[in-house]
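In order, the protein sequences belong to chains A and B. The number in this note's numbering is simply the position in the first sequence, starting from 1, with 8 added. The number in this note's numbering is simply the position in the second sequence, starting from 1, with 8 added. Beta carbons are placed, not taken as given, at the ideal position from N, Cα and C, and that holds for glycine. The model shown is predicted, which means the values in this text are computed figures rather than measured ones.
2 protein chains.
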Amino acid sequence: MTKAHQNALDSLRRKLPGRVFTDEASCFAASIDNLRLSFAPDAVIKVSKASDVGVALKLANKFKIPVTPRGAGSSATGSAVPLKRGWALDLAGLDSIKIDAVARIATVGAGAVTADLQSQAEALGLFYPPDPSSKKYTTLGGNIACNAGGMRCVKYGVTRDYVLGLEGFLADGSPFKFGLPLKKYVSGLNLRDLLIGSEGTLGVVTSAALKLLPKPEKRWTGMFAFKSEASALKAVVALFKAGHNPSILEFLDRQSVGCAERYTGKVIFEGHSRSSILLIELDGTPGEVRKQRKALLDFMAQCAVAHREARSEAAAEKLWQVRRTCSQSMFSLADTKLNEDVVVPLEKQAELIRYTLKLKKEIGLATPTFGHAGDGNLHVHIMYNRRSKTDARKAKAGIKKLMQKVVDLGGVITGEHGIGLAKIPFMSMQHSKAELAAMYSVKSALDPEGILNPGKIFEPFEVWEHEPVDVQLPWDHR
Amino acid sequence: MTKAHQNALDSLRRKLPGRVFTDEASCFAASIDNLRLSFAPDAVIKVSKASDVGVALKLANKFKIPVTPRGAGSSATGSAVPLKRGWALDLAGLDSIKIDAVARIATVGAGAVTADLQSQAEALGLFYPPDPSSKKYTTLGGNIACNAGGMRCVKYGVTRDYVLGLEGFLADGSPFKFGLPLKKYVSGLNLRDLLIGSEGTLGVVTSAALKLLPKPEKRWTGMFAFKSEASALKAVVALFKAGHNPSILEFLDRQSVGCAERYTGKVIFEGHSRSSILLIELDGTPGEVRKQRKALLDFMAQCAVAHREARSEAAAEKLWQVRRTCSQSMFSLADTKLNEDVVVPLEKQAELIRYTLKLKKEIGLATPTFGHAGDGNLHVHIMYNRRSKTDARKAKAGIKKLMQKVVDLGGVITGEHGIGLAKIPFMSMQHSKAELAAMYSVKSALDPEGILNPGKIFEPFEVWEHEPVDVQLPWDHR
């Protein structure tokens, strides 16, 4: 640390007494996210009120100290990691949740946990749809920074679709309000949506006004088996053509299912071992759900080989357990999982699955795939053993090929995780030089000293050259 | 025109033969929008294919020539007017519409007309909800530039909520794709949403991928009379509290209704002359609509003094005619209508109406108000005679006071029209200096030569010092 940075840190301690930590445990905890690469900050600021952020940024901007905001650290891409040291800005303390049930608007601190908002909204008959799989841990600030998705996007959209207003601080410590808790707002340039998904590179959000919906009265869940991925994904396309409007539409390929069946020693659909699976949720009024269910079962009678319905919440939970088992059991194949979150047009999903099978043969590594087939958002995994340099090399080559295929199919390299560090190598596949230059010019305009989450999105980074740390994180299932 | 600009124009003519016009009629047509201030361009470029835009911008950027994109010119704020001369870029020729009924995505040219997309979507059982009142004329590019709203926002949101991907050209003529026709996309900074609502100041959109919804099977319309604005707006708040989810919820104050009743010589609700009115649409499956209708009528029995239902499309059209008559009849009060599109929190609407009545007394000018009460988005009008300098001065003072009141109530100065020229004087009421500087830094980053729609949003402009032209525009009803 330079003398100037040390002075700035001393000044920070004076201004935010009891909120600045430099001990090893605090710095290690703030050094990682779910990508599990560790880069320790010089200090961790545990924010206790929004204005702390302004104080920290004012100093940081003056002394050109990197600042990396973080929530729960569940980012899959390294976006919450203080790559260039400096100060980690821990926003978990800003965890307030207030709900206006008339306006159907929640005002939340950046550190409020997604599942907490959901349960408080439900208690009032309301509904906050975005549901990233780590929702019991993730903060809403983190969800906003990454524009998080989840399973209900097919009907309800992503985090962005629920953000009305953001409050926070610009790089120089000036406070901002972009958008307000209103249903319509078109005054000036829309920096609100620019900040959403910007992974803490443009400003620091301290609170948000979020739109809530009336809670659906009823939900129904069904699970359908198909002979092949092709027939399952053909059914997905036909389903939309026929006007169905499911609230969840999840897909599991035969590799994922086979893996779970070997791992548990149980066949999911008796007599149909290693099927490809669709898991479907319908919601609405009881009458609507009844009508939708009938239409769906009639439709599926033409194409699925077996099905199972949940007639209670507990039975539905059992069906969702199948999805989770598939995800967990993959670690019986190898110790390391590359989890990509690519998106392709709906009718190109079958082609993408064919490509994952071709890739499997080519690189000799398993490529189990599941995900949000109603959005074209598939989690393609490549499983490999970290200690094997050959496997790591093959996995790396495989991912690059996969990403190029996705772009060639008219898709995008990330649908809900963001870029962070992990996806930097693929940015030039997705975006032209002019597009990247335009993005970077905006970054420089809002953060001229380059202090906000430096090293992310834009700068070259080879994720493969860094060794992940072995650490148990709260959301680890195994 | 300078010699350099003349050379650039000659070069443009060679590169875009038959698409560059400098005759008086073309320049006049491109000199105005619905604000009716006229600023003639040096030339009009009638774009026939997207790449024309790149050609024009490359030249314009090199020679620092102002470029003002326009669609139908129905903007209410002057955002489509070439204030600083230069080239008007007429995008109406890019009017293609393609619909993928499976993915529920429309790909449209910037010049495609909103109502055309709606009718083509409906023919396929689909639905494009944004419905600005000028939808028979407005282009989708213009809707995107202004993030247009309309009546169905209360349930279905605004234009932004339907934009998946944008294609177009940056200020220097480089092509861009921001977003793709996919349901999820989080790669890089979100310049797509930054462009939406930026009124042509950051880049020129040539085509867009728009999300479509399944078309609601059934609609129902009802009209309710209230003793006062306060009781009507109290009902609006209570309605949401009770969990109703109307697809339209329009409000008319007693000034608007009284004006229509005097103008037509007919009372809208027999025995309840000069009522305040709510116009409500419900939509969904027939079963849902039936259930909603019953709940709504039960609810309204407690607070409305009279009601009327539409049992057919034609009957519904008759109810909507009431809304249109109110709007048109205002011109019987005075020749000039200031139409503001402010938004306040739902529970503050009654207070805003009280303020419009206070203002009416204070300035001695009528302040009839109607609008989208489900969004808190009210069109407050001040009616005055243009030839009277006293009235104009009073109207100007009144609007400034109104805007300050709106901001004080936690609202926004514009909910669906945008800033353009007309709202520039109120920008500093809404946004802090730091927020405005952040917006302007983004503008400068993406348009360093300042050629795109110069003079709008950021530069001082006193709309009152300019005389509107008397011209008949396609959407004029009187």
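Starting from the C-beta of residue i, find all residues in its chain whose C-beta is less than 7 angstroms away, skip the five residues before and the five after it, and write them out in chain order.
| i | result |
| --- | --- |
| B/D291 | P224, K226, R227, S255 and V297 |
| B/M9 | D50 |
| B/C161 | H380 and D383 |
| B/L132 | I107 and A109 |
| A/C334 | L260, S264, V265, C267, A268 and F378 |
| A/I105 | A114, V116, A120, D124, L125 and Q128 |
| A/G149 | G79, L99, A118, G119 and V213 |
| B/R486 | Any reading at B/R486 must be qualified, since the residue scores a pLDDT of 49, below 50, and its modelled position is unreliable; the value itself is stated next. Once the five neighbours on either side are set aside, the close Cβ partners of B/R486 are Q336 and F339. |
| A/L373 | I390, M391, Y392, D399, K402, A403 and G406 |
| A/N253 | K163 |
Buried or exposed for residue i, going by 16 or more other Cβ atoms inside 10 Å?
| i | result |
| --- | --- |
| B/Q14 | exposed |
| B/V477 | exposed |
| A/Q480 | exposed |
| B/A33 | exposed |
| A/K369 | exposed |
| B/D484 | exposed |
| B/K413 | buried |
| B/D180 | buried |
| B/P456 | exposed |
| B/E1 | With chain B covering only 9 through 486, there is no way to say anything about residue 1 of chain B. |
| B/E325 | exposed |
| A/E130 | exposed |
Taking 8 angstroms as the CB-CB limit, is residue i close to chain E?
| i | result |
| --- | --- |
| A/T364 | No chain E appears in this structure, whose protein chains are A and B. |
Roughly how far, in whole angstroms, is the beta-carbon of residue i from the beta-carbon of residue j, given that I think they are within contact range, below 8 angstroms?
| i | j | result |
| --- | --- | --- |
| B/G426 | B/S46 | With 8 angstroms as the limit, B/G426 and B/S46 do not qualify as a contact, their Cβ atoms being about 19 angstroms apart. |
| B/A453 | B/Y392 | Not a contact, Cβ separation roughly 41 angstroms. |
| A/V514 | A/M437 | Not covered by the structure: residue 514 of chain A. The range shown for chain A is 9 to 486. |
| B/L286 | B/P222 | Going by Cβ atoms, the distance from B/L286 to B/P222 rounds to 27 angstroms, so no, they are not a contact pair. |
| B/P462 | B/P74 | 5 angstroms |
| A/L346 | A/H389 | 6 angstroms |
| B/G101 | B/G79 | Incorrect: roughly 11 angstroms between the Cβ atoms, too far for contact. |
| B/D103 | B/V55 | Wrong, their Cβ atoms sit about 11 angstroms apart, outside the cutoff. |
| B/K431 | B/L210 | Actually they are not in contact, since the Cβ atoms of B/K431 and B/L210 sit about 18 angstroms apart, beyond 8 angstroms. |
| A/L203 | B/A442 | Their Cβ separation, rounded to whole angstroms, is 14 angstroms, which puts A/L203 and B/A442 out of contact at 8 angstroms. |
| A/K143 | A/T167 | Going by Cβ atoms, the distance from A/K143 to A/T167 rounds to 11 angstroms, so no, they are not a contact pair. |
Identify every residue that forms a DSSP beta bridge with residue i.
| i | result |
| --- | --- |
| A/T344 | A/Y392 |
| A/P183 | A/F177 |
| A/N385 | A/V351 and A/H380 |
| B/F234 | B/S284 |
| B/A114 | B/I107 and B/L218 |
| B/K226 | B/G292 |
| B/L260 | B/I285 and B/F378 |
| B/V75 | B/W95 and B/L460 |
| B/A51 | B/W95 |
| B/G158 | B/D139 |
| A/A314 | A/A233 |
Got a sec? Which residues, its chain only, sit under 6 angstroms from residue i by beta carbon, not counting five neighbours each side?
| i | result |
| --- | --- |
| A/R200 | L174, F186 and G187 |
| B/A58 | T214 |
| B/G423 | D349, V351 and N385 |
| A/P90 | F47, P49, T76 and A96 |
| A/T364 | T375, T377 and V388 |
| B/G418 | P353 |
| B/K92 | P74, P462 and G463 |
| A/L367 | T375 and G406 |
| A/R44 | P476 and V477 |
| B/Y136 | L125, Q126, A129 and L220 |
Below 8 angstroms CB to CB, which residues in the same chain sit around residue i once its five sequence neighbours on both sides are set aside?
| i | result |
| --- | --- |
| A/S236 | R262 and S284 |
| A/H315 | G230, M231, F232, A233, L305 and M308 |
| A/R27 | I53, K54, V55, S56 and D60 |
Just checking residue i against the ligand SAH - is the residue's beta carbon closer than 7 angstroms to any of the ligand's heavy atoms?
| i | result |
| --- | --- |
| A/T344 | Absence of the ligand SAH from the depicted structure is noted, as is the absence of any ligand whatsoever, leaving it without description. |
> Touching or not, the stretch 58-74 of chain B and the stretch 464-471 of chain A, by the rule of three or more beta carbon pairs under 8 angstroms?
Replying inline: no
>> Using a Cβ distance threshold of 8 angstroms, determine whether the stretch 225-244 of chain B contacts the stretch 192-208 of chain B, with at least three qualifying pairs required.
In response: no
> Does the pairing of the stretch 256-264 of chain B with the stretch 273-286 of chain B give three or more beta-carbon distances under 8 angstroms?
Replying inline: yes
>> Can you confirm whether the stretch 270-280 of chain A touches the stretch 312-331 of chain A when touching is taken to mean that 3 or more C-beta pairs between the two stretches lie within less than 8 angstroms?
In response: yes
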